[in-house]
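In our numbering, the protein residues as written are 7 to 524.
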């Protein structure tokens with residue numbers, strides 16, 4: 007235990023104070039490890055009356071380790087194979103920050119622990135639990151040839167650094183094989199066409215970092231494995247879907263154009279921001295007998311709904327949701343007529359995923375009059391993506407134009423407003439101008455008491471199966487919603503999980519009678 011004393015409790019001492027504004031977090035092994043400021047003349051003069059002191063109680067605790075000792079603390083305690091990296095400083099076990107820690111630093115750790123030809127897997131962010139004591143090393147800069155961490159360059163840990171950044175490693179001996187330099191393989195998949203990407207470098211198999219990995223790199227690996235040169239496509243799994251393996255990644259930040267014949271022909275550079283949990287995996291796809299440009303919908307309850315699949319150079323691919331596709335063109339290509347309606351979704355709502363088909367970013371530019379996506383200009387991109395467009399196409403529903411109804415509410419006096427437009431039930435775009443005046447008109451048209459009408463937009467009333475129609479602007483005096491001014495819906499209106507669909511809550515007429523305006 008200790009007590010703190012201010013204002014010269016133990017006298018003024020000698021000389022002028024040269025340091026002030028001490029900022030320690032309590033786990034430093036020396037005051038020199040704390041942040042502090044040097045005195046200016048003004049502070050030196052004033053602070054001579056504010057000399058600090060402490061009183062320590064209890065016995066002096068001897069150090070429990072020898073300075074310079076190292077160990078790994080794993081699930082079963084200290085060992086020399088895997089665990090949180092700990093270093094003894096001034097008799098106290100401390101930790102090493104993951105900031106700046108890379109495979110060269112890990113090799114020094116493993117060699118210090120007795121591994122003669124080490125390979126190491128780095129694991130960030132206190133995977134083996136948070137340590138105690140000081141964070142001894144911050145931004146280590148080993149070359150890999152040192153025999154001790156203290157011989158490497160490093161920085162003192164900032165006062166705010168927590169043990170949440172403690173780094174861990176797994177050490178093993180290097181195993182050389184007769185693999186051909188530059189060859190690739192897929193490991194740990196359930197089928198031969200998928201798995202963790204591993205490449206042979208100087209007789210060693212190693213994994214590859216998933217940072218920046220996208221469609222181009224996948225195509226190179228699949229071609230190298232023997233898949234079609236012209237029509238190859240593959241799915242990307244960046245975050246260790248097939249495990250990390252036992253060793254650190256052997257290639258980092260690969261960048262291919264897609265035309266290379268081997269992965270080692272692509273550019274790559276080392277970066278310490280790739281770590282455990284970011285090992286890349288892929289799945290390669292063979293060509294099928296589909297016709298280029300053919301489309302179908304996946305995952306729906308009928309052929310009229312689902313996430314969009316398109317045949318691209320003989321391979322079925324999902325189209326990523328980065329840019330809008332006009333739903334009426336998709337539905338027209340599927341055989342639905344112009345007097346039908348269509349809506350679309352983002353985020354793979356029908357269950358599309360990289361295990362089913364590759365996700366490819368394709369940007370279509372359509373006018374809306376095309377009979378199929380083949381007539382739209384398009385560009386493909388190599389960006390990585392995880393979600394696809396979905397569509398619903400519907401047959402015509404006969405209804406009387408201008409008629410309105412409420413659906414999905416808690417009673418017949420509330421719900422999402424739908425209005426019959428060109429023989430189709432449509433919802434209301436409520437992103438703008440949906441207010442009390444509109445609600446009054448709706449309730450009046452339905453025969454309810456309009457004074458206490460409430461305008462509502464609610465995610466529960468989004469209307470998955472109804473197309474969004476116009477935006478209506480009412481003065482509140484109209485007897486029918488169709489008599490109000492109307493405007494084209496916003497560009498995102500027919501995204502069917504759009505949260506801005508118009509709804510109302512009407513009050514029952516006190517007289518008990520209703521009058522409906524058609």
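All C-beta atoms, glycine included, are put in the ideal place defined by N, C-alpha and C.
From the options, residue whose alpha carbon lies closest to that of residue i
| i | options | result |
| --- | --- | --- |
| residue 184 | 207, 489 and 174 | 207 |
| residue 241 | 217, 187 and 324 | 324 |
| residue 124 | 233, 264 and 176 | 176 |
| residue 423 | 400, 234 and 463 | 463 |
| residue 100 | 127, 171 and 256 | 171 |
| residue 436 | 461, 151 and 457 | 461 |
| residue 350 | 313, 116, 102 and 36 | 313 |
| residue 398 | 356, 60, 405 and 404 | 356 |
| residue 429 | 116, 90 and 404 | 404 |
| residue 200 | 181, 186, 249 and 157 | 249 |
| residue 232 | 196, 291, 181 and 122 | 291 |
Own chain residues within Cβ distance below 8 Å of residue i, not counting five before or after
| i | result |
| --- | --- |
| residue 47 | Confidence is the limiting factor: at residue 47 the pLDDT is only 44, short of 50, which leaves the residue's position unreliable, though a coordinate-based value still follows. Nothing listed; no residue qualifies. |
| residue 260 | 214, 215, 218, 219, 223, 269, 272, 273 and 274 |
| residue 361 | 241 and 289 |
| residue 209 | 182, 183, 184, 185 and 187 |
| residue 153 | 114, 117 and 118 |
Pair within 9 Å by beta-carbon distance, residue i and residue j
| i | j | result |
| --- | --- | --- |
| residue 411 | residue 386 | no |
| residue 269 | residue 193 | no |
| residue 477 | residue 488 | no |
| residue 364 | residue 202 | no |
| residue 126 | residue 142 | no |
| residue 83 | residue 129 | no |
| residue 146 | residue 118 | no |
| residue 294 | residue 322 | yes |
| residue 90 | residue 79 | yes |
| residue 144 | residue 168 | no |
| residue 485 | residue 447 | yes |
| residue 310 | residue 178 | no |
| residue 158 | residue 113 | no |
| residue 417 | residue 442 | no |
| residue 538 | residue 320 | Nothing can be reported for residue 538: it is not among the residues displayed for the chain, which extend from 7 to 524. |
| residue 86 | residue 120 | yes |
Contacting residues, own chain, Cβ-Cβ under 6 Å from residue i (five flanking each side not counted)
| i | result |
| --- | --- |
| residue 407 | 426 |
| residue 475 | 427 and 432 |
| residue 133 | 174 |
| residue 508 | 423, 434, 436 and 440 |
| residue 383 | 371 |
| residue 415 | 421 |
| residue 115 | 91 and 175 |
| residue 266 | 226 and 272 |
| residue 102 | 91, 143 and 173 |
Backbone secondary structure at residue i - three-state DSSP
| i | result |
| --- | --- |
| residue 117 | helix |
| residue 270 | helix |
| residue 230 | helix |
| residue 405 | coil |
| residue 85 | strand |
| residue 192 | strand |
| residue 449 | helix |
| residue 437 | coil |
| residue 170 | helix |
| residue 481 | coil |
| residue 217 | coil |
| residue 225 | helix |
| residue 27 | strand |
| residue 489 | helix |
| residue 514 | coil |
| residue 156 | helix |
| residue 380 | helix |
| residue 385 | strand |
| residue 165 | coil |
| residue 456 | strand |
| residue 78 | strand |
| residue 442 | helix |
Contacts around residue i, its chain only, beta-carbon distance under 7 Å, and the 5 residues preceding and following it disregarded
| i | result |
| --- | --- |
| residue 514 | 419, 454 and 455 |
| residue 339 | 301, 377, 378 and 379 |
| residue 245 | 216, 283 and 284 |
| residue 389 | 220 and 367 |
| residue 94 | 71, 72, 73, 74 and 75 |
| residue 105 | 144, 145 and 171 |
| residue 458 | 513 |
| residue 160 | 143, 144, 145, 146 and 147 |
| residue 317 | 296, 297, 298, 299 and 300 |
Proximity test, Cβ basis, 9 Å: residue i and chain B
| i | result |
| --- | --- |
| residue 365 | Absent here is chain B; the protein component of the structure consists of one chain. |
Closer than 8 Å: residue i CB and nearest the ligand GTP heavy atom
| i | result |
| --- | --- |
| residue 463 | As far as ligands go, the structure on display features none, and thus does not contain the ligand GTP. |
Mind pulling the alpha helix (DSSP H) runs of 4 or more residues that sit fully within the stretch 279-358? 333-339
Taking only runs that begin and end inside the stretch 100-151, name each unbroken beta strand (DSSP E) of 3 or more residues, in chain order. 124-129 and 141-147
Completely contained beta strand (DSSP E) runs for the stretch 236-260, where each covers 3 or more residues: Entirely contained in the stretch 236-260, the beta strand (DSSP E) runs reaching 3 residues are, in chain order, 239-243.
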